[in-house]
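Residue numbers (the numbering used here), protein chains in the order written: chain A, 1249 to 1996; chain B, 1357 to 1515.
To keep things clear, I will list the structure first and then write my remarks on it.
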Amino acid sequence: MYFRHIENAASATAVPTSELTRRQFLKLTTLAGSGLSLGIVLPGCGTGPGGAGSAGAASGPLAMPFLRIAPDNTVTVISKHLEAGQGVWTGLPAIVAEELDASWDQMRVESAPAKVPMYQNLAFVPLGAHAQLTGGSTAVANSWQQLREAGATARAMLVAAAARQWNVAAGEITVSDGMVAHAGAGRKATFGELAGSAAKQPVPTEVKLKDPAAFRIVGREKLPRLDARAKSTGTQQFAIDVMLPGMMTAVVMRPPRFGAKVSSFDAAKAKAVPGVIDVVQIPRGVAVVGRDMWSAKKGREVLVVTWDESGAEKRGTAELMKEYRALARGKEAVTVVQVGDAEAALAHAQKRVEGEFEFPYLAHAPMEPLTAVCRLSAEKCEIWAGCQFQTLDQANAAAAVGLKPEQVTINTLAAGGTFGRRANPESDYISEVASIAKATGGKYPVRLIWTREDDITGGRYRPLNYHRISASVGKDGKVAFRQRIVGQSILIGTPFEAILVKNGVDPTAAGGSAAEQYDLADAHVSWSRPTVGVPVLWWRSVENTHMAFSKEVMIDELAHAVGQDPVAFRLALLGKHPRHIGALKLAAEKAGWGSPFSKEKGRGRGVAVHESFGSVVAQVAEVTVKGDKITVDRVVCAVDCGIAVTPDIVKAQMQSGIGYGLSAALYGKITLSDGHVDQTNFHQYQVLRINEMPRAIEVYIVPSTNAPSGVGEPGTPPIAPAVANAVRAATGIRLHTLPFDLAAAHRA
Amino acid sequence: MSIKLTVNGATRELDIDPQMPLLWAIRDHLQLTGTKFGCGMALCGACTVHLEGQATRSCVTPVAAAQGKQITTIEGLSTAAGRAVQGAWIGLDVPQCGYCQSGQVMSAAALLAGNPKPSDTDIDAAMAGNICRCATYVRIRSAIHQAAATLAAGTPAAR
C-alpha cells in the first residue's frame, strides 16, 4: 500500500511514459532549433552545480525533455526532482550517463521548470495524481525507466548522426566514455561535435536498453557527487542566496496559537524602524518588508498585532496525550488491517506482552529555514525556492496573486534540507511570499525568510502519536498482535485524500504495522483520529517514524519473553518477506551477531528491521548506558534498495537517516502549553551534534537485480527501535516514550 | 551610520546600523552569500566566519565589533588548512544538502590551523557547535583527518 512498493507502480507505467516522452521529445527538438531551452535561464542564478542554466551555443544542441547535449560537449540532465541533499543531482545524471555511454566528467545537472505531464512523478500516476513532486523516496525509482530511455534515445541519435556523416552502418559504431567511434573508418567524434546533426535525426521509436551486467556508471562504488564542489566552497545557490535588483526582504508575524487570525494591527512603530519599507497584512499574518533582513526583523519586533483567537487550538500536549490515551481505550476507530482472530489468540496465549508508546510532535528543522523569492508583474509571477511540490506550489502561488498557474514560473533551487517540510499541500511559505508580492503591488521583488523561531514554532510537525499494543506468542509459536494507533491524519482534508485514503484509513498515519511486515496469523490494527488544530506533515519516513518503533520494540520484547534470540525470532516470522530476511541476515552477520556480545556493564546490542518506500533496512545498534546517558557506539546497517544506482550516496543516505532518527530518539520533542509552542530555537529543540554521532557506522548493500527503490527515508525508521532494544538488553529498561528519558525511566 | 568592514582583504564602507549582525552585513550588503543563516543565536554554526583567524559566529557579532578586524568568509578562505579541508570535503563527498557546509568548512579550517593533528575527541569538541541536519558527521570526521594528513604531507590539495 501507499509507497511501500513504488517500484511496481513505476515500471507499470513504463510503456505509456515512453510514448509520452517521444511525443514531447519531437515537439521539443523542433523548438530547440529556434533557441528554446528547457533550462531555467536567470542570469547569475544558476540552478545546478554546473552554474548558470545556459542555453548552450547559438546552434547545435541536442535538446530533449530530460537532457541537453551542448556543442561544448557537456551533457546537462534536467532534474524534475528537488535536490535537498538526498543526491538526485547525482543519481539522475548517473542513469542518463549510463545509457548514453557518457563520460562522468561531462555530466551537468539543472532543475526542470514546473511542467506536467512532462515532469510529473510517475510513482503517483497509477494513483491518479499528475503532479511534479519530490517525496516518498520516489525520485530514482520513478525516473529509472524514463531516464534510461532518455539516455538510450539520445545515444541512438548521436550514432545515427555519426553513421550519416561517416557514411557507415550505425551497427558498426561504438560509443564509450563520451566518444562516438568507428574503428574501420578510423573516425571518432565527441557528443558535442555530433549534437547539432543528432538533433536533426529521426527520433527512434524503440530503443534497446543496456543489460545491467554491462553497467559501468550505475553501481560504481564511488561516483563523485556533481554538487560536492559547489557545496564545499560556498558557491551553491539556495533560495536564501537569490539577489534580484531592487529586492526587499520580508519576515511575517504569524499567530501565537495555531488557528488564530489577525484582528487588527498597528504598524506605526514598525514603520519607524530605519530600513522598513512596508507593513502589509496577508492571509497568514502581517508581513514587515525591509531593505535587508535586519531591518525587517527589527520592524517585526515592534509590530503590534491583535489576534482573534476564538478559533485557535488552546490545548497543550499533556492534555492532548491524556485524550489520546482515552481514545485508545474507546471504540471509535477504523480498522487498518485484520487477519485471523487476534482477540482469541491473545486470550489463549502462552506469553503476552503489553505496550503503550508515546511519540511527540517533531519539527523538521532543515538547516536552511524556509525561504522563497517572488517577482510579480501584471502578467507574470516568478518564484525561486527549494520547491518540493512544483505543481501545487505553482497553483498555490497563482491563487495567492490572482493569476493562472501557467503564468507562474517556478525556479527550483537546491534546498538546504527539507525532510518533508517543503512539501506541504498549502505551499505555506510560497503562498506567503506570493501574498506579500501581491499586497505590495509587485513594486519590488521580495524575499521571505523564516527565522529559526518561525520554523520551530511554525507547525506542520510529525504528528503526536499514542500506540497501545497487546502482543502474544501462542503455544503453537504463532504471534498475535493487536494495536491501536491514535494520531492526527496528515492526508485528510488535502488534495491527497482522494488518491491515498482508502476506507477511511490514512496510510501515512497507520501504515507499516507488524500485520503488514511479519507473517502473523492473527492481527488487528486500528486507528483513531483525533481532531487537533496543530498542523501536521510528513517528516522523513512519515508514519514509519512511529510505526516501526512500536513494532520492532514489541517484537523484541516478545522474543525476550519466550527466551528466543531477537534475530532468529524475527527470521521465523518473515517467511513471506525474503527481502527482510536478506537485509536482516546481512546486518546480523556484519555486526557479528552470532558471536557473544560484550559482558561489560551497561553495554547492549539491539536490532530492528523495517520496510518503507520499497526498501528494506536492518540495523544493529551497540550502546553504552552510563547513568542516564545513552551512547550509541556502533551501528551496522544493511539495505536492500534494489539496484544501488549510486552506492556511495546510498551509504550517505543510510548514515544520514541514522543520524536524523537518532536525533529524534535522543532529543526531538515539540511540546505545547495552552496552545503555545514551548520550543523556539536549537537550545530548546535540541538536535544531534557531531559528538553524539556514532563513531562507527557501517553500511552494507544487499546485492539485487530489482529496479531501484528509495533511500532518502528508509534509513531513519530502524535506528530508534534498534537503540531502544539495545538499551533494554543492557539495562532491562523498556523505553516506550520518545525521546528517550532514562532519568524518568529510572525514577519509574 | 558608517561602518568600515575588511572582508577577504577588501575594505568597504557601509551605511548600516552598528548593531546589525555581521552575518547580514556580509550577505545583504556585500552579497557574499556563502555564509549562511541558520539560527541567529550562535547555536548552529552555519554563519561561521574567521575574525582574525578565529572561528566566529557572525549571526551574533555586531558589525561595530568587527570593525578594523580581518574578516574571512568562505569565499576568501585561502589558507593551507582551508584548501586541505575543502579538498577533503570534495574528495569524500561530505556535503548532502550542503547548507551548513560553509560553516563546517570554516570551523574545520580554524581547528586545523591551531591543531594540525586532531583526535576524534578534538574534532568533536571543535565541531560540536556546527549542526548538520543531514548528519554528515561521520564524513566530516573522516575529512578532517584526511585534511590533517594532507597538511602533514605538505601538499595542500587544490580545491
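Cβ atoms here follow ideal geometry from the backbone N, Cα and C, with glycine treated the same way.
The model shown is predicted, which means the values in this text are computed figures rather than measured ones.
Residue i at chain A interface by Cβ criterion, 9 Å
i, result
"residue 1377 (chain B)", "yes"
"residue 1364 (chain B)", "no"
"residue 1478 (chain B)", "no"
"residue 1387 (chain B)", "yes"
"residue 1327 (chain B)", "Any answer about residue 1327 (chain B) is impossible in this case: the structure gives chain B only from 1357 up to 1515."
"residue 1474 (chain B)", "no"
"residue 1492 (chain B)", "yes"
"residue 1374 (chain B)", "no"
"residue 1360 (chain B)", "no"
"residue 1503 (chain B)", "no"
Cβ-based neighbour list, residue i, same chain, cut-off 8 Å, excluding 5 preceding and 5 following
i, result
"residue 1578 (chain A)", "1776"
"residue 1836 (chain A)", "1815, 1842, 1855, 1866 and 1868"
"residue 1902 (chain A)", "1865, 1885, 1887, 1945, 1947, 1959 and 1963"
Residues near residue i by beta carbon distance below 7 Å, same chain, minus five either side
i, result
"residue 1571 (chain A)", "1778"
"residue 1860 (chain A)", "1252, 1760, 1789, 1792, 1961, 1962 and 1965"
"residue 1431 (chain B)", "1364, 1388 and 1390"
"residue 1531 (chain A)", "1683"
"residue 1872 (chain A)", "1850, 1851, 1879 and 1881"
"residue 1448 (chain B)", "1495, 1498, 1499 and 1502"
"residue 1819 (chain A)", "1829 and 1832"
"residue 1598 (chain A)", "1721, 1722 and 1723"
Beta-carbon gap between residue i and residue j smaller than 9 Å
i, j, result
"residue 1662 (chain A)", "residue 1495 (chain B)", "no"
"residue 1770 (chain A)", "residue 1581 (chain A)", "no"
"residue 1313 (chain A)", "residue 1447 (chain A)", "no"
"residue 1417 (chain A)", "residue 1449 (chain A)", "no"
"residue 1655 (chain A)", "residue 1379 (chain A)", "no"
"residue 1713 (chain A)", "residue 1607 (chain A)", "yes"
"residue 1486 (chain A)", "residue 1664 (chain A)", "yes"
"residue 1688 (chain A)", "residue 1526 (chain A)", "yes"
"residue 1323 (chain A)", "residue 1355 (chain A)", "yes"
"residue 1433 (chain B)", "residue 1472 (chain B)", "no"
6 Å Cβ shell around residue i - same chain, five flanking residues per side excluded
i, result
"residue 1331 (chain A)", "1337 and 1662"
"residue 1586 (chain A)", "1772"
"residue 1369 (chain B)", "1358 and 1360"
"residue 1400 (chain B)", "1394 and 1487"
"residue 1485 (chain B)", "1401"
"residue 1357 (chain A)", "1296, 1325, 1327, 1337, 1341 and 1474"
"residue 1351 (chain A)", "1425 and 1426"
Bridge-paired residues (DSSP) for residue i
i, result
"residue 1607 (chain A)", "A:1713"
"residue 1360 (chain B)", "B:1369"
"residue 1529 (chain A)", "A:1534"
"residue 1948 (chain A)", "A:1886"
"residue 1602 (chain A)", "A:1718"
"residue 1629 (chain A)", "A:1624 and A:1656"
"residue 1311 (chain A)", "A:1316"
"residue 1727 (chain A)", "A:1721"
"residue 1735 (chain A)", "A:1713"
"residue 1486 (chain A)", "A:1662"
9 Å Cβ cutoff, residue i in contact with chain B
i, result
"residue 1637 (chain A)", "no"
"residue 1910 (chain A)", "yes"
"residue 1659 (chain A)", "no"
"residue 1497 (chain A)", "yes"
"residue 1930 (chain A)", "yes"
"residue 1322 (chain A)", "no"
"residue 1358 (chain A)", "no"
Original post:
Where are the alpha helix (DSSP H) runs, 4 residues long or more, that stay fully inside the segment 1409-1463 of chain A, in chain order?
Top reply: 1439-1446
Subject >> Minimum length 3: unbroken beta strand (DSSP E) runs contained in the segment 1644-1683 of chain A >> reply: 1656-1660
**OP:** Only counting runs of 3 or more residues, tell me where the beta strand (DSSP E) segments fall wholly within the segment 1340-1401 of chain A, in order along the chain.
**Re:** 1355-1359
**OP:** Starting from the N-terminal side, write out each stretch of the alpha helix (DSSP H) that is 4 residues or longer and does not extend beyond the segment 1551-1590 of chain A.
**Re:** 1565-1576
Original post:
Quick one: complete alpha helix (DSSP H) runs, 4+ long, within the segment 1412-1452 of chain B?
Top reply: 1419-1422 and 1436-1447
Original post:
Along the chain, which unbroken stretches of the alpha helix (DSSP H) at least 4 residues long are found entirely within the segment 1751-1796 of chain A?
Top reply: 1755-1758 and 1762-1765
**OP:** Could I get the ranges of all uninterrupted alpha helix (DSSP H) runs contained in the segment 1493-1528 of chain A, with 4 residues as the minimum, in chain order?
**Re:** 1516-1520
Original post:
What are the complete beta strand (DSSP E) segments, minimum 3 residues, inside the segment 1802-1886 of chain A?
Top reply: 1851-1860 and 1863-1874
**OP:** Mind checking the segment 1406-1437 of chain B against chain C and listing, in chain order, the residues whose C-beta falls within less than 9 Å of any C-beta there?
**Re:** Given the protein chain composition of this structure (A and B), no chain C is represented.
**OP:** Could you tell me which uninterrupted alpha helix (DSSP H) segments, each at least 4 residues in length, are contained entirely in the segment 1451-1481 of chain B, listed from first to last along the chain?
**Re:** 1457-1470
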